[in-house]
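Novice: Let me give you the structure first, and then I'll get to my questions.
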Amino acid sequence: MTPPATAFGLFSLAVVLESAVWMTCLHRLKSRHPDQWRHAEQPLLWQDRTLLDARNTMLYFKHHTYRSSLDENGIRFCSRNRTMMLGAYWLTVMTGAALVVTLAVSGWGFA
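Numbering (our numbering), first residue to last: 17 to 127.
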């Protein structure tokens with residue numbers, strides 16, 4: 017397998033993993049802790065989410081903004097899921113950067 021194909025495969029896996037982690041966590045946050053969901057300023061329908069929204073959600077966890085909520089159970093939920101959410105986000109960022117570097121160095125040779 018060529019380096020670009022390997023990098024693309026790893027990036028694809030990271031995107032799938034991140035999507036699964038985020039969708040699971042955000043679904044549970046919305047269903048189990050609606051006050052925390054509103055505190056996080058999540059849209060009611062997240063089918064229209066963009067990369068900017070993902071970044072804002074990541075910053076909500078990274079900067080511990082969830083701690084200013086009055087929902088103690090929601091705060092505990094966010095604290096428990098913070099590392100996993102941030103890890104999935106940064107894994108995707110790093111594998112995406114590795115893909116770009118690999119393509120710049122090796123070219124588009126997927127064959």
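Ideal placement from N, C-alpha and C gives every residue a C-beta, glycine not left out.
(1) Secondary structure at A56, three-state DSSP: helix, strand or coil?
(2) Relative to the alpha-carbon of H55, which residue among T108, M17, N89, M110 has its alpha-carbon at the smallest distance?
(3) Compare the C-beta of V116 against all C-beta atoms of chain D and say whether one is closer than 8 Å.
(4) What separation, rounded to the nearest whole angstrom, lies between the Cα atoms of V31 and D87?
(5) Using the Cα positions of W124 and S95, report the straight-line distance between them to the nearest angstrom.
(6) Would A104 and L29 be called neighbours here (beta carbons separated by less than 8 Å)?
(7) If you measure between the beta carbons of W53 and M101, is that distance less than 8 Å?
(8) Taking the alpha-carbon positions, what's the P20 to Y82 distance?
(9) With C-beta atoms as the reference, is A114 less than 8 Å away from A23?
(10) Tell me, to the nearest whole angstrom, how far the beta carbon of F93 is from that of L26; I am working on the premise that it is less than 8 Å.
Specialist: By the coordinates alone:
(1) coil
(2) N89
(3) The displayed structure is made up of one protein chain only, and chain D is not part of it.
(4) Each residue's alpha carbon lies about 30 Å from the other.
(5) 41 Å
(6) no
(7) no
(8) 39 Å
(9) yes
(10) F93 to L26, Cβ: 30 Å. No contact.
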